[in-house]
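The block underneath contains the structure these notes are about, expressed in structure tokens.
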Amino acid sequence: MKPNAQAGLLDQQLDEISRVVKKVTGINFNDNKRELIKARLGNRLRQLGLSGYAEYLEYLYR
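Under the working numbering, the letters of the sequence shown match residues 347 to 408, in that order.
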């Protein structure tokens with residue numbers, strides 16, 4: 347996969363994670379918080395032993 351395609355996929359996954367968080371908690375993450383979200387999600391992925399955002403989305407939907 348090309349780097350731009352990967353970046354687009356990651357953006358889509360981050361958008362989906364943001365939608366799930368908003369639906370469950372009411373917290374709305376805007377684009378200004380994207381880097382903060384990436385950093386926090388990186389920590390959360392390591393805690394859960396997950397390999398990436400796609401796997402985290404699967405975890406959220408369980």
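Note that the Cβ used here is the ideal one computed from N, Cα and C, for glycine as well.
Within the same chain, and ignoring the five residues on either side of Val366 in sequence, the residues whose Cβ sits closer than 7 Å to its Cβ are Leu406.
Inclusion of Ile373 and Tyr402 in the CB contact set at 8 Å is not warranted, their separation being larger than that value. Distance from the CA of Ile383 to the CA of Glu404, rounded to the nearest whole angstrom, comes to 18 Å.
Distance between Lys379 and Arg392, taken at the CA atoms: about 20 Å.
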